[in-house]
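If you're matching them up, the sequences are chains A and B in order.
Position 184, counted from 1, in the first sequence is what numbering that gives the first Met the number 0 calls 183; the numbers after and before it change by one each time, with no gaps.
Position 173, counted from 1, in the second sequence is what numbering that gives the first Met the number 0 calls 172; the numbers after and before it change by one each time, with no gaps.
The beta carbon of each residue, even a glycine, is placed where N, CA and C say it ideally should be.
A short worksheet on the structure shown next.
Number of protein chains: 2
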Amino acid sequence: MTRKPGAREDALPAIAEVFREYGYEGASLALIGARCGLGKGSLYHAFPGGKAEMAQAVLDAIGGWFEERIYAPLRDDPDPRAAIRLMLSETDAYFRSGRRVCLVGAFALTEGRDGFADRIAGYFRDWREALAQALIRAGRPAAEAESLSEDAVLTIQGGLVLARALDDPAVFGRMLGRLEQRLV
Amino acid sequence: MTRKPGAREDALPAIAEVFREYGYEGASLALIGARCGLGKGSLYHAFPGGKAEMAQAVLDAIGGWFEERIYAPLRDDPDPRAAIRLMLSETDAYFRSGRRVCLVGAFALTEGRDGFADRIAGYFRDWREALAQALIRAGRPAAEAESLSEDAVLTIQGGLVLARALDDPAVFGRMLGRLEQRLV
DNA sequence: GATGATCTGTACCGATCGGTACAAAGAGCA
DNA sequence: TGCTCTTTGTACCGATCGGTACAGATCATC
């Protein structure tokens with residue numbers, strides 16, 4: 000009888016997009032409801048914890064997506080170089096070649112004291128560790144892999160900030176190109 | 000008779016800090032007033048345009064600081080390598096070695112449609128251009144200078160995001176170290 | 001001290017915030 | 001068709017939002 004889990008998953012992408020565009024504070028429930036075509040009743044039925052639960056669910060969904068599509072191959076793919084190239088192409092696709100902003104990064108800059116800090120830190124920590132592992136498996140010394148992976152994760156975030164700030168998505172593409180040279 | 004300009008300048012650092020911590024939407028006038036010890040009356044006397052004017056004034060102040068301390072030396076210092084090292088040390092100091100967040104970057108991720116977009120874009124464009132000029136004067140080919148300067152500006156922003164997300168300021172220091180290797 | 005302009009604290013405005021209450025609507029089962 | 005439980009829209013809550021009005025405090029000047 001319970002369609003609840005389905006409704007939750009259906010609404011998540013729209014909610015994520017609102018958070019992405021307006022930030023946590025700027026994303027009002029009225030806006031969220033309008034964007035995913037749900038009244039407050041439905042919204043609070045799917046997310047009894049309100050706005051905070053919506054944000055946590057969105058962060059979890061994003062974390063799950065990256066874990067499955069990027070981190071897991073980075074750790075497990077028998078060809079680590081292929082996994083790294085996959086990471087770059089999936090990253091390019093996910094962020095729409097720089098036209099989309101990283102919600103986790105945006106939350107990191109403004110929020111943090113709302114119980115999101117753990118998820119935010121985990122997202123970046125997992126990314127860095129998975130990439131470091133792939134680099135080591137590709138034959139890099141451990142110290143170099145640590146440094147390179149931190150640099151890569153941070154560079155992607157910076158690329159998103161700058162592409163958005165200059166309103167020039169091409170920044171993101173050029174950054175990915177340089178990253179590929181450094182990584183493979 | 001008019002102490003207005005003085006009061007404005009005095010309040011700006013506190014206002015900037017509130018915007019830095021809470022973002023534009025999250026920074027309420029009550030919070031701003033409390034933080035700089037000014038009532039709404041004084042606040043609106045100094046900034047008749049309200050919150051938006053406060054934000055613009057803060058962005059202008061930040062832009063002016065960087066112009067004077069970083070961009071101008073980058074363009075004019077007879078020793079471009081020294082100017083680049085100065086940029087790195089001033090950047091480290093300004094962002095408190097990664098403990099402070101870049102307000103311009105934070106605004107770039109969430110806002111933009113409030114008339115701040117020009118100032119935000121200008122801040123990064125000026126930085127990139129000034130650094131490219133220094134690199135060219137230091138003997139780099141133009142194409143390489145363009146690429147390196149874009150990479151540097153974006154890397155600094157990424158370092159701030161990651162340091163904040165992981166709650167680990169050391170990320171910022173390591174990033175500056177790598178940047179110095181690439182630039183000089 | 002008196003005067004006139006500047007500055008500031010307080011009260012208040014309508015709008016909107018996140019969140020709750022609840023009754024009507026919808027869906028499965030008999 | 002009745003019955004039950006889930007789902008939804010709407011009205012509403014107190015709190016707070018950004019912003020305004022304005023009276024009283026403060027100050028320079030004479």
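Neighbourhood of residue i by C-beta distance below 7 Å, restricted to the same chain and skipping five residues each side
{"i": "Pro-77 of chain B", "result": "none"}
{"i": "Gly-32 of chain A", "result": "Gly-38, Lys-39 and Leu-42"}
{"i": "Phe-106 of chain B", "result": "Tyr-23, Phe-115 and Ile-119"}
Chain A within 7 Å of residue i, Cβ atoms only
{"i": "Glu-179 of chain B", "result": "no"}
{"i": "Ala-105 of chain B", "result": "yes"}
{"i": "Thr-109 of chain B", "result": "yes"}
CB contact below 7 Å: residue i versus chain B
{"i": "Leu-147 of chain A", "result": "no"}
{"i": "Ile-183 of chain A", "result": "Correcting the residue type first, residue 183 of chain A is Val in the shown sequence and not Ile. No, Val-183 of chain A lies away from the interface with chain B (no Cβ there is under 7 Å from its Cβ)."}
{"i": "Val-17 of chain A", "result": "no"}
{"i": "Val-57 of chain A", "result": "no"}
{"i": "Phe-65 of chain A", "result": "no"}
{"i": "Leu-73 of chain A", "result": "no"}
{"i": "Leu-42 of chain A", "result": "no"}
Close Cβ partners of residue i (< 6 Å) along its chain, the five nearest in sequence each way excluded
{"i": "Glu-67 of chain B", "result": "none"}
{"i": "Ala-15 of chain A", "result": "Val-57"}
{"i": "Glu-145 of chain B", "result": "Ala-131"}
Chain-ordered neighbours of residue i on chain A, where CB pairs are closer than 8 Å
{"i": "Ile-119 of chain B", "result": "Ala-164"}
{"i": "Asp-150 of chain B", "result": "Thr-154, Met-174 and Arg-177"}
{"i": "Gly-158 of chain B", "result": "Leu-153 and Gly-157"}
Counted within 10 angstroms of its Cβ, other Cβ atoms place residue i as buried (16 or more) or exposed
{"i": "Pro-72 of chain B", "result": "buried"}
{"i": "Arg-2 of chain A", "result": "Any answer about Arg-2 of chain A is weak, because its pLDDT of 46 lies below 50 and its placement is not dependable; what the coordinates show is given next. Exposed: under 16 other Cβ atoms inside 10 Å."}
{"i": "Glu-149 of chain A", "result": "buried"}
{"i": "Ala-120 of chain B", "result": "buried"}
{"i": "Gly-5 of chain B", "result": "exposed"}
{"i": "Ala-162 of chain A", "result": "buried"}
{"i": "Pro-79 of chain B", "result": "buried"}
{"i": "Gly-40 of chain A", "result": "exposed"}
{"i": "Arg-19 of chain A", "result": "buried"}
{"i": "Val-92 of chain A", "result": "According to the sequence provided, residue 92 of chain A is Ala. The question's Val does not apply to it. Exposed, since its Cβ has fewer than 16 Cβ neighbours within 10 Å."}
{"i": "Trp-126 of chain A", "result": "buried"}
{"i": "Ala-29 of chain A", "result": "exposed"}
Proximal residues of chain A, C-beta to C-beta of residue i below 9 Å
{"i": "Gly-97 of chain B", "result": "Near Gly-97 of chain B there are no residues of chain A at all, since even the closest Cβ is about 11 Å away, more than 9 Å."}
Partners in chain B for residue i, counting only beta-carbon separations shorter than 7 Å
{"i": "Tyr-93 of chain A", "result": "What Tyr-93 of chain A touches in chain B: nothing, since even the nearest Cβ is about 16 Å away."}
Neighbourhood of residue i by C-beta, 8 Å cutoff - its chain only, sequence neighbours within 5 removed
{"i": "Arg-7 of chain B", "result": "Ala-45, Phe-46 and Ala-56"}
{"i": "Arg-34 of chain A", "result": "Ala-13, Ile-14, Glu-16 and Val-17"}
{"i": "Glu-52 of chain A", "result": "Phe-46"}
Beta-carbon proximity of residue i to residue j, cut-off 7 Å
{"i": "Gly-97 of chain A", "j": "Gln-156 of chain A", "result": "no"}
{"i": "Ile-83 of chain A", "j": "Leu-165 of chain A", "result": "no"}
{"i": "Leu-153 of chain A", "j": "Gly-158 of chain B", "result": "yes"}
{"i": "Arg-74 of chain B", "j": "Ala-129 of chain B", "result": "yes"}
{"i": "Gly-138 of chain A", "j": "Gly-22 of chain B", "result": "no"}
{"i": "Val-170 of chain B", "j": "Leu-108 of chain A", "result": "no"}
{"i": "Ala-141 of chain A", "j": "Ile-135 of chain A", "result": "yes"}
{"i": "Glu-24 of chain A", "j": "Glu-24 of chain B", "result": "yes"}
Contacts that residue i makes with chain A (C-beta to C-beta distance below 7 Å)
{"i": "Glu-24 of chain B", "result": "Gly-22, Glu-24 and Gly-25"}
{"i": "Ile-161 of chain B", "result": "The identity of residue 161 of chain B in the sequence shown is Leu, whereas the question assumes Ile. Those within 7 Å of Leu-161 of chain B in chain A are Phe-123, Val-152, Leu-153 and Gln-156."}
Proximal chain B residues relative to residue i, where beta-carbon distance stays under 9 Å
{"i": "Ala-116 of chain A", "result": "Ala-164 and Asp-166"}
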